[in-house]
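Below is one structure, written out as structure tokens, with a few remarks after it.
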Amino acid sequence: MWSRLRSVLARATRSSQPRHARGIASAPGANAQAINEESLSRYCAGGYHPVRLGDTFKAGQYRVLRKLGYGLYSTVWLAYNEE
Amino acid sequence: MLFFCLISLTPRTNQHVALKILTADACDGENDTFELDILRHMQAKSQGAGSVVGSDKVLGLLDEFSHTGPNGRHTCLVFKPMGPDMSHFRSLFHFPRIPIPVAKKVSRDLLMSLAFLHDHCNIIHTGMFPKKDYNQLHKSI
């Protein structure tokens, strides 16, 4: 009887947890969308400049906030003009 | 312009800019796109041309500078941040199809900007398509 009660309780707590908390067992990539970004191989000599959020440009005048997009010959970032 | 802008939920001020960092080979290199030269030319032409039709419909350069990093020297261009491009804008409507009054306004603005480029700046745009056509952000967004 106790083992039956334990299994019922275990089932109940499992179903009350959100799907993502159950771990890898729930279908991975079920809601995943492929995100297109610029190719990593173009981060090479002559290619894209590696940018991190918070980087500053032009002697600290422009501070990078987030990425806006990319193209074949550029990456575009939302920045804040500190002046 | 090859960049792709999205409407952000953060409040916009006049101090937010779009910073476009070109690849090192795109400035005076083997893949030079002459973007800076063209933008400088447009800027020179639009100064004192406030009354020319379409001069306010093209995305002007706010600032430009050079940045040296591990991959070389990069030209950096600063623009006003824009809203969604036309293909994304269209997906926001039902069907999805842009309503006729909006399409008329967009077409008119597009033709005015092209007229400015052709007639005033002597520039031919060889790559017009919806992904390159941006809507201006309103201050309230």
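Residue numbers (my numbering), protein chains in the order written: chain A, 1028 to 1110; chain B, 16 to 156.
Cβ coordinates follow ideal geometry from the N, Cα and C atoms, glycine included.
Note to self: What does the Cβ neighbour count give for F110 (chain B), buried or exposed, with the cut at 16 atoms within 10 Å?
What the structure shows: exposed
Note to self: Tell me the DSSP secondary structure of S106 (chain B) in three-state form.
What the structure shows: helix
Note to self: I'd like to know if N1063 (chain A) contacts chain D, where contact means its C-beta is closer than 7 angstroms to some C-beta of that chain.
What the structure shows: Among the protein chains of the structure shown, namely A and B, there is no chain D.
Item checked: Which of helix, strand or coil DSSP assigns to R1079 (chain A) -> coil
Note to self: Taking the alpha-carbon of P1077 (chain A) as reference, which of B:A33, B:M97 and B:H82 has the nearest alpha-carbon?
What the structure shows: B:H82
Note to self: By the DSSP assignment, the beta strand (DSSP E) with V1103 (chain A) in it spans what residues?
What the structure shows: S1101 to N1108
Next item on the list: Just mark E1109 (chain A) as buried or exposed, buried being the case when its beta carbon has 16 or more other beta carbons within 10 Å.
Entry: exposed
Item checked: Chain-ordered neighbours of A1059 (chain A) on chain B, where CB pairs are closer than 9 angstroms -> Per Cβ cutoff of 9 angstroms: no residues; A1059 (chain A) is ~20 angstroms from chain B at best.
Margin query: Relative to the C-alpha of F104 (chain B), which candidate in B:L92, B:V117, B:P96 and B:F94 has its C-alpha closest?
Written below: B:V117
Notebook entry, point to check: Who are the neighbours of T1024 (chain A) on chain B, taking C-beta pairs under 7 angstroms?
Noted result: Nothing about residue 1024 (chain A) can be reported from this structure: the residues present for chain A run from 1028 to 1110 only.
Check: At a cut of 8 angstroms, does the region 38-58 of chain B reach the region 1090-1108 of chain A through at least three beta carbon pairs?
Finding: yes
Checklist line | DSSP bridge partner residues for I15 (chain B) (one or two, in chain order) | finding: Residue 15 (chain B) lies beyond the stretch modelled for chain B, which goes from 16 to 156, so this question has no answer here.
Checklist line | Near-chain A residues of the region 49-71 of chain B - C-beta to any C-beta below 9 angstroms | finding: E50
Next item on the list: Compute the Euclidean distance between the alpha carbons of G65 (chain B) and G75 (chain B), then round it to the nearest angstrom.
Entry: 13 angstroms
Item checked: Closer than 7 angstroms to chain A by CB, D40 (chain B) -> yes
Item checked: Contacts that V73 (chain B) makes with chain A (C-beta to C-beta distance below 9 angstroms) -> The contacting residues do not exist; V73 (chain B) stays about 17 angstroms from chain A at best.
Notebook entry, point to check: Nearest-angstrom Cα distance between L34 (chain B) and K1085 (chain A)?
Noted result: 11 angstroms
Next item on the list: Assign H89 (chain B) to buried or exposed, taking buried as 16 or more other Cβ atoms, counted over all protein chains shown, within 10 Å of its Cβ.
Entry: buried
Margin query: Here's the rule: buried if 16 or more other CB atoms are within 10 angstroms of the residue's CB, otherwise exposed. What is M143 (chain B)?
Written below: exposed
Check: So with Cβ pairs under 7 angstroms, would you call A1086 (chain A) a contact of chain B?
Finding: no
Checklist line | Residues that DSSP places opposite V1091 (chain A) in a beta bridge | finding: A:A1106
Check: Does the distance from the C-beta atom of R1090 (chain A) to that of T1083 (chain A) stay below 7 angstroms?
Finding: yes
Notebook entry, point to check: Alpha carbon to alpha carbon, how far is V32 (chain B) from M97 (chain B)?
Noted result: 9 angstroms
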